[in-house]
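**Q** Here's a structure for you.
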Amino acid sequence: MIDYPTLAGQVNVAVESGQFLKVDPGAARLLGVLSLQSLPRRLSLDFRDLFQEGFAFDSITGDVKIGLGVAVTNNLRMRGVQALVLMEGHADIERETQDLRVVVVPDDLPSDRMALAGLSAAAAVAAAALPEREPHPGVFLAFEALTAALMIPDIWPAVFVRFEAGLLQELGFGLDLSKCAATGAVDDLIYVSPRTGRAVSRAAGEPYKDRLLPLPPFMLSAQTGLAEGDVKAGFDLTAHFLELFVFGPLNKPLPPARVWLMERLAEGGRL
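Counted from 1, the sequence shown has number 252 at position 230 by the working numbering; the numbering is strictly sequential.
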């Protein structure tokens, strides 16, 4: 019988072509704590298309150090049919708890460096904004849609903006773009109040237009085409409310990856 609280040593992992099954108590308990099928439950994310009992992998490599029953890794790599998973952090083998940082790299990622920067920025914004250990399946689905859109260079920046708007909605700070905050009109909505996040019509906003945020048409309908300046207006809009409602109260700036993305998009003439 293994005394997990006193367990110590080092494991060098190099496994080829296998499959995770349900792990019973015993010597395989370490892999049970670190295994892929446990991640959705333990991280409260919906990765059902990637991680589930019976997950097949091509290889697992890495080093795991164990001291007082706690396993630590900074280079665990699991390559499956659909994704490469990079993991670092620690896991308590006895309590079956863990503090892991996980990066999932789908095999069908675009090769465009700008799109990869967009993916990194979206992940950084979501990670910094979402409370830990809370399920947000809607954000996962939105992230999945953004990942698919990254294959279309002319479209994905607008989808990124809608992703951030959806993130605000998920956090309880959704923009109300359904009607004019002043008159109730549903047509000709071209502004947003920087204080409330509610839409304002052209007529109602005209006297105050210098104090209002532009509302790009694609934020109202996914069928609307993109005009010059629309994407920048969208990024500025979501950045304002992320700072106002999410990061400002936490005394945090926008994630550097998001700032870097905006700089790259501007340099590339994509805004």
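Where is the CB? At the ideal position from N, CA and C, for every residue including glycine.
Note that the structure is predicted; figures quoted are calculated from it, not measured.
Less than 6 Å between C-beta atoms, sequence neighbours within five positions excluded: which residues of the same chain meet that for L122?
**A** As a first step, residue 122 must be located in the sequence shown, where it is residue number 100. If we look at L122 and ignore the five residues flanking it on each side, its Cβ neighbours are M109, G111.
**Q** At a threshold of 8 Å, does M173 count as lining the ligand ATP (C-beta to nearest heavy atom)?
**A** Ligands displayed in this structure: none; no statement on the ligand ATP is therefore possible.
**Q** Only counting the same chain, and skipping five residues up and downstream in sequence, which positions put a Cβ closer than 6 Å to that of Y26?
**A** Counting from 1 along the sequence shown, the entry for residue 26 is found at position 4. Counting only Cβ-Cβ distances below 6 Å, and skipping sequence neighbours, we find G91, I115, E116.
**Q** Taking DSSP's pairing of strands, which residues face H112 in a bridge?
**A** Counting from one through the sequence shown, the residue named residue 112 turns up at place 90. According to DSSP, which records beta bridges pairwise, H112 is partnered with V94, D121.
**Q** Buried or exposed: which applies to Q74, given that a residue is buried once 16 or more other Cβ atoms fall within 10 Å of its Cβ?
**A** If you number the sequence shown from 1, residue 74 lands on position 52. For Q74, the predicted model reports a pLDDT of 46, less than 50, meaning its position is unreliable and no value from the coordinates is stated.
**Q** Mapping DSSP to helix, strand and coil, what is S39?
**A** As a first step, residue 39 must be located in the sequence shown, where it is residue number 17. Looking at S39 - three-state DSSP - the assignment turns out to be strand.
**Q** Within its chain, find whatever has a CB closer than 6 Å to the CB of T260; leave out the 5 residues flanking it on each side and keep chain order.
**A** Reading the sequence shown from its first residue, position 238 is the one you call residue 260. Cβ neighbours of T260 beyond the five flanking positions: V183, E186, A187.
**Q** Return the bridge partner residues of R101 from the DSSP annotation.
**A** In the sequence shown, residue 101 corresponds to position 79, counting from 1. Paired residues: S81, L106.
**Q** Could you round the C-beta distance between V33 and V86 to whole angstroms and report it? I think they count as a contact, below 8 Å.
**A** Locating residue 33 in the sequence shown gives position 11, where the first residue counts as 1. Locating residue 86 in the sequence shown gives position 64, where the first residue counts as 1. Right, the Cβ-Cβ distance comes to about 4 Å (below 8 Å), so this counts as a contact.
**Q** For V147, which of helix, strand or coil comes out of DSSP?
**A** In the sequence shown, counting from the first residue as 1, residue 147 sits at position 125. DSSP, read as helix, strand or coil, puts V147 in helix.
**Q** For the beta strand (DSSP E) holding L211, just list the boundary residues, first then last.
**A** Numbered from 1 along the sequence shown, position 189 holds the residue referred to as residue 211. Counting along the chain, the beta strand (DSSP E) containing L211 begins and ends at 211-214.
**Q** Would you report the Cα separation of V107 and T119, rounded to the nearest angstrom?
**A** By 1-based counting over the sequence shown, the position of residue 107 is 85. By 1-based counting over the sequence shown, the position of residue 119 is 97. In a straight line, the C-alpha of V107 is about 19 Å away from that of T119.
**Q** So, helix, strand or coil for D198, using DSSP?
**A** Indexing the sequence shown from 1 puts residue 198 at position 176. Strand.
**Q** Span of the alpha helix (DSSP H) holding A187?
**A** The residue labelled residue 187 in the question sits at position 165 within the sequence shown. First-last of the alpha helix (DSSP H) with A187: 178-192.
**Q** Could you spell out the range, first to last residue, of the alpha helix (DSSP H) harbouring A288?
**A** Mapped onto the sequence shown, residue 288 falls at position 266. Taken as a continuous stretch (DSSP letters only), the alpha helix (DSSP H) holding A288 covers 278-289.
**Q** Quick one: give me the first and last residue of the beta strand (DSSP E) that V161 is part of.
**A** Counting from one through the sequence shown, the residue named residue 161 turns up at place 139. Premise fails: V161 lies in the alpha helix (DSSP H), 159-171, not in any beta strand (DSSP E).
**Q** Between which two residues does the beta strand (DSSP E) harbouring V222 extend?
**A** Looking up residue 222 in the sequence shown gives position 200. Element bounds for V222: 221-223.
**Q** Take A36 and list the residues in its own chain whose beta-carbon comes closer than 7 Å to its own, dropping the five residues that flank it on each side.
**A** Numbered from 1 along the sequence shown, position 14 holds the residue referred to as residue 36. Cβ within range, chain order: T83.
**Q** By DSSP, does L52 sit in helix, in strand, or in coil?
**A** Walking along the sequence shown from the start, residue 52 turns up at place 30. With a pLDDT of only 42 at L52, under the threshold of 50, the placement of this residue in the model should not be trusted; the figure read from the coordinates follows. Correct three-state label for L52: helix.
**Q** Give the single residue among A164, L190, L163, G140 whose Cα lies nearest to the Cα of F269.
**A** To locate residue 269, count along the sequence shown from 1; it is residue 247. Of the listed residues, the one whose Cα sits closest to F269 is L190.
**Q** DSSP three-state label for V208, please.
**A** Your numbering for residue 208 matches position 186 in the sequence shown. V208: coil per DSSP, three-state reduction.
**Q** Are A150 and P277 closer than 9 Å when you measure CB to CB?
**A** Reading the sequence shown from its first residue, position 128 is the one you call residue 150. Reading the sequence shown from its first residue, position 255 is the one you call residue 277. Cβ atoms of A150 and P277: closer than 9 Å.
**Q** Leaving out five residues before and five after H158 in sequence, what residues of the same chain have Cβ atoms less than 7 Å from its Cβ?
**A** As a position in the sequence shown, residue 158 is number 136, starting the count at 1. Its chain contains L152, E192 as the residues whose beta carbon lies nearer than 7 Å to that of H158, once the 5 sequence neighbours on both sides are disregarded; these appear in chain order.
**Q** For the alpha helix (DSSP H) containing V253, list its first residue and its last residue.
**A** Residue mapping note: residue 253 aligns to position 231 of the sequence shown, counting from 1. Segment 252-263, the alpha helix (DSSP H) holding V253.
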